[in-house]
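Heads up, the sequence shown is in our numbering, so the first residue is 3 and it goes up one at a time.
Glycine included, each C-beta is placed from N, C-alpha and C at the ideal position.
A short worksheet on the structure shown next.
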Amino acid sequence: MKVLVVGNGAREHAITWKLSQSPSDPTLFVAPGNAGTAEIAENVQIGAEDIESLVHYAKSNDIDLTVVGPEMPLAAGIVDRFDEAGLPVFGPTQRAARIESSKIFAKEIMESAGVPTAASKHFDNTADALNYIELAEPPYVVKADGLAAGKGVIMAPERADAITAIQDVMDHKIFGDSGSTILIEEWMTGPEVSVFAFVDGEYVSPMVAACDYKQIGDGDTGPNTGGMGSYSPPPFWNDALDDEVRRSIVEPVAKELSRVGSPYSGVLYAGLMLTDSGPKVIEFNCRLGDPETQVILPRLESDLLEIVHRAALSELEQTEIVWNDLACVGVVSASGGYPETHRTGFEITGLDAIDPSATVFHAGTQPTESTNPVTSGGRVLTVTGTGKTLAEATAAAYDNTARIAFDGRYHRTDIAANL
């Protein structure tokens with residue numbers, strides 16, 4: 003098979019890496035890819051959001067299956083366009099992808115399905131939102147309705163924080179048009195967990211769980227990022243919790259999406275908080291997470307190519323999906339200054355010193371004509387360590403991270419610590 007992966011992050015490198023292990027021995031292409039994907043596939047210089055060019059490329063090059071990594075092209079309708087062109091593609095349609103691209107839509111689906119989530123109200127103008135804040139008691143959570151690269155949530159402990167957040171999002175447009183409508187939610191407390199399942203209509207595969215770290219600094223300090231590290235499996239995840247989340251959250255949402263004429267096919271990602279009254283949904287995403295993909299795909303025993311191909315053909319239920327007990331910890335190395343202004347173009351050294359206990363997944367890297375790639379983004383790479391225990395995996399991740407160098411490299415030092 004000829005398979006095209008859309009995207010250029012560490013998630014897409016991990017997807018390509020896993021596809022390359024298929025017994026079917028596929029020929030792989032990645033658009034646009036990075037220095038890591040260039041080692042195991044052919045990079046194609048087409049942006050992930052250039053849908054018409056991707057359709058033309060897939061047609062012209064007899065691509066048998068396209069796998070879409072990022073949320074932006076999914077929200078823009080890439081799957082619909084590929085379907086129209088008669089091209090097999092893995093991912094949800096634009097209507098189904100609203101589970102991520104519109105938090106208000108997701109809330110409506112959860113309410114109809116009786117799925118536990120934070121109480122919320124939504125607003126399309128600043129005045130009404132500010133009036134609500136004056137009446138509601140703090141603390142608050144302010145969310146942009148649309149996509150914001152994983153950064154569209156502002157925690158507001160006090161009323162003044164919420165007022166500033168509302169004005170920043172709605173008036174100052176810090177998230178662009180994604181913040182034209184906002185949600186103000188109740189502040190929930192408890193451990194967070196990301197849960198992933200392959201979904202095909204009302205069928206939900208065996209699930210897998212991971213935990214990630216969104217803030218830039220140790221101890222969860224500083225601004226939110228796209229994710230600075232992750233681990234899987236969480237020590238608290240067990241069969242009983244898995245069953246509860248499946249029965250009360252994931253299956254009802256899949257069923258409701260089908261009922262309202264937006265059947266879901268692809269990876270459904272539930273971001274949950276384990277509150278004192280049970281698991282509640284923080285948000286849904288319409289694709290694999292980043293950096294969670296880098297710690298869950300090493301745990302996938304089954305053939306990823308068979309899974310995504312069967313899902314694209316609406317035959318997912320015929321595929322056995324098995325997750326192993328391997329412990330995985332991923333540590334992200336970022337450019338100095340990220341998530342604010344940062345410089346790129348620095349040579350990356352030490353990639354040839356990684357031992358078998360770890361795998362490097364590239365994100366913001368670019369191949370060069372010389373031996374070493376250079377940095378080209380904020381999050382540069384993820385080093386995933388593996389082991390029999392999370393302690394072993396953490397040691398492997400940090401030991402191998404320390405072997406890699408580039409100017410300004412930064413990483414958190416507390417990923418999977420104190421578990």
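Item	Value
Is the region 384 to 393 touching the region 350 to 368 in the sense that three or more CB pairs, one from each, lie closer than 8 Å?	yes
I'd like the list of long-range same chain contacts for residue 264, defined as Cβ closer than 6 Å, with 5 residues on each side in sequence excluded.	97, 98
Taking residue 213 as the reference, which of 184, 176, 295, 177 has the closest Cα?	295
Closest to residue 422 by CA distance: which of 10, 20, 128 is it?	For residue 422 there is no data in the structure shown, the boundaries of the chain being 3 and 421.
Just to confirm, is the Cβ distance from residue 76 to residue 248 under 8 Å?	no
Which full runs of the alpha helix (DSSP H) of 4+ residues lie inside the region 306 to 354, going along the chain?	306 to 314
From residue 12 to residue 291, what distance separates their C-alpha atoms?	10 Å
Got a sec, what are the start and stop residues for the beta strand (DSSP E) residue 284 sits in?	280 to 287
Go through its chain and collect everything with a Cβ distance to residue 332's Cβ below 6 Å, but skip five positions before and after it.	231, 232, 293, 296, 297, 384, 386
Where does residue 97 fall in DSSP's three states?	coil
State the DSSP-derived secondary structure class of residue 232, mapped to helix, strand or coil.	strand
Taking the alpha carbon of residue 51 as the point to measure from, which residue in 341, 88, 368, 74 has its own alpha carbon closest?	74
Identify whether residue 421 lies in helix, strand or coil by the three-state DSSP scheme.	coil
Please list the segments of the alpha helix (DSSP H) lying wholly inside the region 251 to 279, counting only runs of 4 or more residues, in order along the chain.	253 to 261
Does DSSP put residue 238 in a helix, in a strand, or in coil?	coil
What is the rounded straight-line gap between the Cα of residue 365 and the Cα of residue 3?	25 Å
Thinking C-alpha only, which one of 278, 225, 156 is nearest residue 191?	278
Starting from residue 107, follow the alpha helix (DSSP H) in both directions and report where the run begins and ends.	105 to 115
Please report the distance separating the alpha-carbon of residue 43 from that of residue 197.	29 Å
Using only alpha-carbon positions, find the residue among 394, 307, 286 that is nearest to residue 100.	286
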